[in-house]
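Residue numbers (our numbering): 10 to 400. Built from N, CA and C at the ideal position, the CB exists for glycine as well. Below is one structure, written out as structure tokens, with a few remarks after it.
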Amino acid sequence: MRKKDLSIVFASFLMAGSILTGCNNEEKTSSSENKQEQTEKKENTAKEEKVDYAVSFKEAVTELEKAKEGKEVDFDKVTEIYTKDLQELTQKRDTEFEDKIDQHITNALQAGKDGSMNPVVVKQIFDKLMQKVFYTSIKHDFKEIEEMWSDKEVVKEELEEAKGYYAILQSTVEKRDAANGTKLVDAIAGGFSEIEKAIEADDLLGFQLGKQVVDKTMIKTFYLATGNNPNGYAYKAAEAAKSDKDEAIVEQAEGWAFYQSIYSYLNGHAPEQAALILEQFDLQNDVSKLDAEKVNKAFVSGYAKVALDEYAESQELWGEDKSVITALEGALFIDTIDKDLIKLLGEEGFNKLHETASKYLEAAKAKDKATGETLMKELQSTLQTVIEKAK
Numbered sequence: 010m011r012k013k014d015l016s017i018v019f020a021s022f023l024m025a026g027s028i029l030t031g032c033n034n035e036e037k038t039s040s041s042e043n044k045q046e047q048t049e050k051k052e053n054t055a056k057e058e059k060v061d062y063a064v065s066f067k068e069a070v071t072e073l074e075k076a077k078e079g080k081e082v083d084f085d086k087v088t089e090i091y092t093k094d095l096q097e098l099t100q101k102r103d104t105e106f107e108d109k110i111d112q113h114i115t116n117a118l119q120a121g122k123d124g125s126m127n128p129v130v131v132k133q134i135f136d137k138l139m140q141k142v143f144y145t146s147i148k149h150d151f152k153e154i155e156e157m158w159s160d161k162e163v164v165k166e167e168l169e170e171a172k173g174y175y176a177i178l179q180s181t182v183e184k185r186d187a188a189n190g191t192k193l194v195d196a197i198a199g200g201f202s203e204i205e206k207a208i209e210a211d212d213l214l215g216f217q218l219g220k221q222v223v224d225k226t227m228i229k230t231f232y233l234a235t236g237n238n239p240n241g242y243a244y245k246a247a248e249a250a251k252s253d254k255d256e257a258i259v260e261q262a263e264g265w266a267f268y269q270s271i272y273s274y275l276n277g278h279a280p281e282q283a284a285l286i287l288e289q290f291d292l293q294n295d296v297s298k299l300d301a302e303k304v305n306k307a308f309v310s311g312y313a314k315v316a317l318d319e320y321a322e323s324q325e326l327w328g329e330d331k332s333v334i335t336a337l338e339g340a341l342f343i344d345t346i347d348k349d350l351i352k353l354l355g356e357e358g359f360n361k362l363h364e365t366a367s368k369y370l371e372a373a374k375a376k377d378k379a380t381g382e383t384l385m386k387e388l389q390s391t392l393q394t395v396i397e398k399a400k
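Below you can see the structure in the form of structure tokens.
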């Protein structure tokens, strides 16, 4: 029996898209604030358009990839590309998301130059941390779209920027699809398509729903790259450590750098699990002691907790647009660990959970509180079982 995946959750949800159109009650930003923000945004956009991030990123990564072939890397060249074309964007995201990506990248490039860090490891850190910058830039653009919703010219510009950042990340998504038999690329394309339709229809709620599909599918992408069994870097590093410690350290570095994109979200809901994963991937941790099973279980129980939190918020805000949005988020986080859930619950158990999540989503849309409360009890019970089994 073929497993249901995110695209099915999304497809079933979209069937009622027309019902939701025009139901949004979000407050509008004042016209004076809009005008000021529009001016600032257009100035920033004009400045950022001077840099082709995709070209600069590819040029830097191509130079760093020489290390894999045993060739000497021109770290001065990479550093120049970074400081000239990519650092400002990185620093903006650091400020917005209270991060230290610029510091990590700068330190790694310096360590590569002075020989204190394996150039192959440097490449992975630079590559994956810049991917986080592009991912958070998508999130930034989505935030701008919501705030500037009344100005469709700016909104469309922001959407094009977001799609441009995603284009840089798409190869990473494609790799996860190839390795795991998923359809993440299709799901993200569907999310962007719904966003475009929502903009044309002036449907802010529709945009928010499409945004969740894009964002949570990216989270699943990074999860599959880090903690998934057997294709996550936790498993790759642990396996490599048995015969080639240097290669294992490279795999560990990839896992650590990829994990940075999803650490903060997980930490906000499941700090214990988030910290365990971070410690396992920490390059100060002896890679031979990296426990891939612990990493995987921490992800599974962690995302089960995230789903529970999303559903709790959906219940609290019942009848509001946000209740529907968080109901979708809960379903998407269940999908994030779908293969793990099949192992823990069995095919039948997972399909029942998936069906319950879909029915709850429909109940949230219909504002059917009685049905929603009954389904919520089933979701909570099953997700608590997952948390216990994943210990």
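Asked                                                                                                                                             : Found
Report, in whole angstroms, the separation of the C-beta atoms of residue 259 and residue 87, which I expect to be a contact under 8 Å.           : Their Cβ separation, rounded to whole angstroms, is 17 Å, which puts residue 259 and residue 87 out of contact at 8 Å.
Return the first residue and the last residue of the alpha helix (DSSP H) that residue 62 is part of.                                             : 62-73
Hey, out of 111, 180, 313, 317, whose CA is closest to residue 346's CA?                                                                          : 313
Pick helix, strand or coil for residue 97, following the three-state DSSP scheme.                                                                 : helix
Could you check whether residue 138 and residue 177 sit closer than 8 Å to each other, using their CB atoms as the reference points?              : no
Between residue 402 and the rest of its own chain, which residues show a CB-CB distance below 8 Å, the 5 nearest in sequence each way excluded?   : The first residue shown for the chain is 10 and the last is 400, placing residue 402 beyond what the model contains.
Look at the Cβ atom of residue 389, then the Cβ atom of residue 317, and state whether they are nearer than 8 Å.                                  : yes
In whole angstroms, what separates the C-alpha of residue 143 from that of residue 175?                                                           : 7 Å
Looking at C-alpha atoms only, which residue of 160, 375, 354, 357 is the closest neighbour of residue 330?                                       : 375
CA-CA distance, residue 344 and residue 224?                                                                                                      : 13 Å
Between the region 355-366 and the region 386-400, do at least 3 Cβ pairs fall closer than 8 Å?                                                   : yes
Entirely within the region 87-158 and at least 3 residues each: give me those beta strand (DSSP E) ranges in chain order.                         : none
Along the chain, where does the alpha helix (DSSP H) containing residue 399 start, and where does it finish?                                      : Taken as a continuous stretch (DSSP letters only), residue 399 belongs to no alpha helix (DSSP H), as it is neither H nor E.
If we ignore side chains and look at the alpha-carbon of each, how far apart do residue 393 and residue 354 end up?                               : 12 Å
Please classify residue 63 as buried or exposed, where buried requires at least 16 neighbouring CB atoms within 10 angstroms.                     : exposed
For residue 373, which residues in the same chain have their Cβ closer than 8 Å to its Cβ, ignoring the five residues on either side in sequence? : 323, 327, 332, 333, 336, 381
Can you have a look at residue 235 and say buried or exposed, based on whether 16 or more other CB atoms are within 10 angstroms of its CB?       : buried
Going by DSSP in three states, residue 293 sits in which element: helix, strand or coil?                                                          : coil
Give the secondary structure of residue 279 by DSSP, where H, G and I count as helix, E and B as strand, and everything else as coil.             : coil
Measuring straight from C-alpha to C-alpha, what distance separates residue 295 and residue 209?                                                  : 53 Å
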